[in-house]
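Structure record follows, encoded as structure tokens.
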Amino acid sequence: MGVTHCYAQLSIEDGGKPHYKASYSKEGILGNSTLSASTSSPPPPSKDADNQLKVYQYKQENGVMAFSDHAPGAAQYQVLLYDCYACQPDSNLDWKKMPLFPRDYDELINHAANNHDLEPALIRAVIHAESAFNVFALSRTGAMGLMQLMPETAKELGVKNAFKPEQNIDGGAKYLAQMLQRFDGDIDLACAAYNAGPTNVTQYKGIPPYPETQAYVKRVKILLERYRKPG
Numbered sequence: 606m607g608v609t610h611c612y613a614q615l616s617i618e619d620g621g622k623p624h625y626k627a628s629y630s631k632e633g634i635l636g637n638s639t640l641s642a643s644t645s646s647p648p649p650p651s652k653d654a655d656n657q658l659k660v661y662q663y664k665q666e667n668g669v670m671a672f673s674d675h676a677p678g679a680a681q682y683q684v685l686l687y688d689c690y691a692c693q694p695d696s697n698l699d700w701k702k703m704p705l706f707p708r709d710y711d712e713l714i715n716h717a718a719n720n721h722d723l724e725p726a727l728i729r730a731v732i733h734a735e736s737a738f739n740v741f742a743l744s745r746t747g748a749m750g751l752m753q754l755m756p757e758t759a760k761e762l763g764v765k766n767a768f769k770p771e772q773n774i775d776g777g778a779k780y781l782a783q784m785l786q787r788f789d790g791d792i793d794l795a796c797a798a799y800n801a802g803p804t805n806v807t808q809y810k811g812i813p814p815y816p817e818t819q820a821y822v823k824r825v826k827i828l829l830e831r832y833r834k835p836g
């Protein structure tokens, strides 16, 4: 299967199928260039011999976490590859019992919900599905941050730095609100559009017949109900 995409990771008028979640690599020794997590965003991922896209995360001598698109010299590292967290059809995760993130970015999520007339629980469910609340999530296709925005999409949404939670959440919420408006408030169709693209939802007159998208929508709905009653 070729590389596919979560829709919020595409240009706003593009279509596409979602892609899978990739896991952390084993730690090892490598290295050179640095980007401080406190001042910079992870760089675009680079290809290794297996043509996979990677970003290297490691801790500098001063204790600050850094990211690089090249192996970092004599430092332990982890390779980060993030794809749509909730898109893998054969996932063994129990979405009805997995731990939630009921307080993470609470103020930012509530602010975005107020700005874009959304339910905070829906924003939280989409963030959980997209990145499992990892602010530095970076997919093999270049989608960035909590709500997994591609650079072009982020630009169209007014997001200058997709690794800043306040910008990413507001941009992703803005797009999600656009999808809800486009599909008359239907949460299933809006989530399908966020994942697979509105063109595909319109073409199929419903949730596209992609296993990844169908799994994504079901899992977002499970998470939504749980975030409505996090206790």
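606 is the number of the first residue of the sequence shown in the working numbering; add one for each residue after it.
We put the beta carbon where it would ideally sit given N, CA and C, even for glycine.
Identify every residue that forms a DSSP beta bridge with residue i.
i	result
L862	No answer is possible for residue 862: the residues shown for the chain start at 606 and end at 836.
M752	Answer is none; M752 lacks a bridge partner.
L743	M749
M670	K664
Among the options, which one has its Cα closest to the Cα of residue i?
i	options	result
K701	N715, G811, A730, S744	A730
E817	I714, Q665, G802	G802
T746	M784, T758, E712	T758
L698	Y663, F768, A737	A737
K769	F788, L743, K826	L743
I728	Y799, Y815, Q808, P814	Y799
R824	E735, P725, V740	E735
M784	E666, K834, T807	T807
K826	F788, H733, Q753, M752	H733
How big is the Cα-Cα spacing for residue i and residue j?
i	j	result
L829	L781	14 Å
A748	G777	12 Å
P649	M755	Unreliable positioning characterises P649 in this predicted model, as indicated by a pLDDT of 41, which lies under 50. A coordinate reading is not provided.
A820	D709	24 Å
G763	M703	33 Å
G790	G811	13 Å
S713	L723	The question names Ser, yet the displayed sequence has Leu at residue 713. Distance between the alpha carbons of L713 and L723: 13 Å.
K760	Q693	28 Å
S630	A671	The pLDDT assigned to S630 is 33, lower than 50, so where the model puts this residue is not dependable; a value taken from the coordinates is nonetheless given after this. Rounded to the nearest angstrom, the two C-alpha atoms are 16 Å apart.
I634	G668	Annotation note: pLDDT 27 at I634 (below 50); position unreliable, coordinate value reported separately. For I634 and G668, the distance between alpha carbons rounds to 17 Å.
L705	D793	21 Å
Q772	D695	32 Å
Q786	A795	8 Å
G750	Y832	20 Å
H721	P814	29 Å
K664	F741	14 Å
N551	P707	What is shown of the chain runs 606 to 836, which leaves residue 551 out entirely.
K834	N739	22 Å
Q681	M752	28 Å
F788	E666	51 Å
P725	Y809	29 Å
V822	A797	6 Å
S645	D711	Only weak support is given to the placement of S645: the predicted model assigns it a pLDDT of 39, under 50, and the value that follows is read from those uncertain coordinates. Spanning the two alpha carbons is a distance of roughly 23 Å.
Handout entry: Contact between the stretch 716-735 and the stretch 763-777 (3+ Cβ pairs under 8 Å)
Key = yes
Practice task
Write down every uninterrupted run of the beta strand (DSSP E) in the stretch 793-825 whose length is 3 residues or greater and which is fully enclosed by it, in chain order.
Solution key: none
Practice task
List in chain order: all unbroken beta strand (DSSP E) runs of 3+ residues lying wholly within the stretch 756-791.
Solution key: none
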